[in-house]
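There are 2 protein chains.
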Amino acid sequence: MDVGRIIDTALKLIDEVGIQALTLRMLADALDSGTATLYRHFNGKDELLALVADRILGEVGIPPEELDSLSWREAVAAAAETFYDTLRRHPHAVPLLAAQVPVGPNGLRARERLITLLLSHGFSVGLAARTFTAIGHYVIGFAIQQHGPGTPRPEDQVQLRDYYHSLDPATYPATTAAADELTSVPLHEEFRFGLDLLVDGLEQARRKDS
Amino acid sequence: MDVGRIIDTALKLIDEVGIQALTLRMLADALDSGTATLYRHFNGKDELLALVADRILGEVGIPPEELDSLSWREAVAAAAETFYDTLRRHPHAVPLLAAQVPVGPNGLRARERLITLLLSHGFSVGLAARTFTAIGHYVIGFAIQQHGPGTPRPEDQVQLRDYYHSLDPATYPATTAAADELTSVPLHEEFRFGLDLLVDGLEQARRKDS
DNA sequence: ACCTGAACACCGTTCAAGT
DNA sequence: ACCTGAACACCGTTCAAGT
């Protein structure tokens with residue numbers, strides 16, 4: 001019984017039932033073991049979840065060669081998209097990455113990779129650090145809201161649109177007018193919209209910086 | 001025993017001990033009542049938490065006159081800052097706002113207010129809707145990561161900096177070089193940096209839109 | 001030396017019994 | 001009609017007892 005298998009199983013179960021519903025008994029059963037045995041490999045549920053978080057970051061896997069042939073704009077966008085795609089594969093697990101600054105081995109590797117990239121494109125150390133934080137926060141923050149515990153499934157989107165339309169137009173003229181636009185934009189497009197805003201803003205910040 | 005007093009007490013307890021540690025027994029005790037009695041006012045803990053979320057949105061309170069005399073850039077930034085300040089007053093409660101799209105009365109009022117503002121400054125309905133979503137997601141996403149359950153208290157920032165410095169510079173040249181910048185920027189400044197990127201990006205999006 | 005069944009002190013939720 | 005003590009089926013965690 002190695003730690004890797006425990007973490008893989010834990011992530012699989014979280015993908016199926018969510019963090020709240022994941023039980024140490026459930027995990028122990030899936031591993032044909034008992035809850036007490038699990039405590040021999042980590043100190044409690046919180047530590048287990050931190051290991052799962054780094055396990056997810058290890059899945060991101062940015063292809064290094066590809067990234068280096070791109071402009072900084074394209075590279076930043078590609079890194080953010082790749083990260084976002086990984087988070088979308090594990091919607092129930094996203095809150096784990098917001099719980100703390102990831103300092104596991106895979107988190108370190110990803111941070112090093114992106115900051116190196118920014119520095120190689122002429123970003124100052126200060127601007128690179130703030131850019132990394134801003135982009136990272138944006139991706140995780142977006143994913144947690146669009147794909148977290150209260151996931152807006154397609155039928156909920158329709159429900160929400162109908163709810164907005166059912167409001168009194170006299171009291172809520174703007175909301176009812178924008179009801180379709182507020183609920184019809186595909187999540188990925190919404191993500192890309194904000195990401196492009198950030199990159200466009202960075203373009204200006206970079207000019208001021210140098 | 002009215003619902004308002006229950007919600008106020010629940011929020012006060014969440015501010016003190018967090019969502020996870022809030023117990024219905026604890027809440028019942030604080031109200032000199034029993035857990036079973038609480039169920040006469042809402043159906044379970046989740047519904048209680050949704051009511052607390054809208055209670056927080058009610059606290060935001062954007063002064064209408066002030067906002068209307070500003071440029072759209074200043075108004076968007078001011079609204080985001082005001083929202084952010086409210087979330088900072090209730091760090092433990094922020095995850096509640098990420099759990100679902102807020103459709104309580106106070107959430108509706110805030111959305112209506114901001115979309116109206118964008119429309120009055122010439123934004124198209126489509127751009128206004130996406131801007132609202134992008135800004136809202138940014139503020140909540142940032143707050144949840146900087147002030148959520150794994151709050152980076154000042155001493156943790158120092159610890160994190162020392163940790164980055166302790167890494168092997170050969171393996172992590174960029175991270176060790178940026179260690180100070182990654183950990184020394186005040187949270188509010190970091191928030192403002194990303195917000196300004198978004199607003200600068202919006203400036204361009206608005207030009208393309210019209 | 002390593003593992004684990006069984007227990008501990010909790011939790012959210014329910015309902016029969018009280019007023 | 002309204003309220004609630006006490007119970008239910010859980011949970012994360014611990015440790016004495018087994019192999």
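If you're matching them up, the sequences are chains A and B in order. Residue numbering for the first sequence follows full-length UniProt numbering, beginning at 1 and increasing consecutively. Residue numbering for the second sequence follows full-length UniProt numbering, beginning at 1 and increasing consecutively. Glycine included, each C-beta is placed from N, C-alpha and C at the ideal position.
Is the beta carbon of residue j closer than 8 Å to that of residue i?
| i | j | result |
| --- | --- | --- |
| Glu-74 of chain A | Ala-174 of chain B | no |
| Val-94 of chain B | Leu-87 of chain B | yes |
| Ile-7 of chain B | Val-60 of chain B | no |
| Asp-54 of chain A | Gly-4 of chain A | no |
| Leu-13 of chain B | Ala-28 of chain B | no |
| Leu-198 of chain A | Leu-197 of chain B | yes |
| Gly-18 of chain B | His-92 of chain B | yes |
| Thr-35 of chain A | Arg-25 of chain A | yes |
Along chain A, which residues have their Cβ under 8 Å away from the Cβ of residue i?
| i | result |
| --- | --- |
| Tyr-163 of chain B | Val-103 |
| Leu-108 of chain B | Leu-167, Tyr-172, Thr-175 |
| Glu-59 of chain B | Residues of chain A passing the Cβ test: none, with the nearest at roughly 20 Å. |
Please compile the residues from chain B whose C-beta is within a distance smaller than 8 Å of the C-beta of residue i.
| i | result |
| --- | --- |
| Gly-201 of chain A | Asp-196, Leu-197, Leu-198, Val-199, Asp-200, Gly-201 |
| Glu-47 of chain A | Residues of chain B passing the Cβ test: none, with the nearest at roughly 13 Å. |
| Glu-81 of chain A | Near Glu-81 of chain A there are no residues of chain B at all, since even the closest Cβ is about 16 Å away, more than 8 Å. |
Using three-state DSSP, classify residue i as helix, strand or coil.
| i | result |
| --- | --- |
| Ala-178 of chain A | coil |
| Arg-113 of chain B | helix |
| residue 235 of chain A | Residue 235 of chain A lies beyond the residue range present for chain A, which begins at 1 and ends at 210; the question has no answer from this structure. |
| Gly-136 of chain B | helix |
| Asp-168 of chain B | coil |
| Gln-20 of chain A | coil |
| Pro-186 of chain A | coil |
| Tyr-39 of chain B | coil |
| Pro-173 of chain B | helix |
| Leu-70 of chain B | coil |
| His-121 of chain A | coil |
| Gly-107 of chain A | helix |
| Pro-91 of chain A | helix |
| residue 226 of chain A | Absent from the model: residue 226 of chain A. The displayed extent of chain A is 1 to 210, so no value can be given. |
| Ala-80 of chain A | helix |
| Met-1 of chain A | coil |
List the residues of chain B whose Cβ lies closer than 7 Å to the Cβ of residue i, in chain order.
| i | result |
| --- | --- |
| Thr-116 of chain A | Ala-174 |
| Gly-126 of chain A | Glu-181 |
| Ala-177 of chain A | Val-125 |
| Arg-73 of chain A | Ordered by position in chain B, no residue passes the 7 Å Cβ test against Arg-73 of chain A, which lies about 12 Å from the chain. |
| Gln-145 of chain A | Ala-98, His-137, Ile-140, Gly-141 |
How would you list, in chain order, the residues of chain A whose beta-carbon sits under 7 Å from the beta-carbon of residue i?
| i | result |
| --- | --- |
| Phe-142 of chain B | His-137, Gly-141 |
| Gln-204 of chain B | Asp-200 |
| Leu-160 of chain B | Val-101 |
| Leu-119 of chain B | Ala-174 |
What residues from chain B crowd round residue i, counting only those whose CB sits closer than 9 Å?
| i | result |
| --- | --- |
| Thr-133 of chain A | Leu-182, Val-185, Glu-190, Phe-193, Gly-194 |
At a CB-CB cut-off below 9 Å, which residues of chain A make contact with residue i?
| i | result |
| --- | --- |
| His-88 of chain B | Note that residue 88 of chain B is Arg in the sequence shown here, rather than His. Within 9 Å Cβ-Cβ: nothing; Arg-88 of chain B doesn't reach chain A, min ~15 Å. |
Point to revise | At least three beta-carbon pairs within less than 8 Å, the stretch 76 to 94 of chain B to the stretch 126 to 143 of chain A | key: Proximity of the stretch 76 to 94 of chain B to the stretch 126 to 143 of chain A falls short of the contact definition, fewer than three beta-carbon pairs being nearer than 8 Å.
Practice item. Evaluate contact between the stretch 168 to 187 of chain B and the stretch 175 to 189 of chain A, counting only Cβ atoms and requiring at least three cross-stretch pairs below 8 Å. Key: No, they do not touch.
Exercise for review: For the stretch 124 to 138 of chain B and the stretch 124 to 132 of chain A, state whether three or more C-beta atom pairs, one from each stretch, are separated by less than 8 Å.
Suggested key: Output reads no: the stretch 124 to 132 of chain A does not touch the stretch 124 to 138 of chain B.
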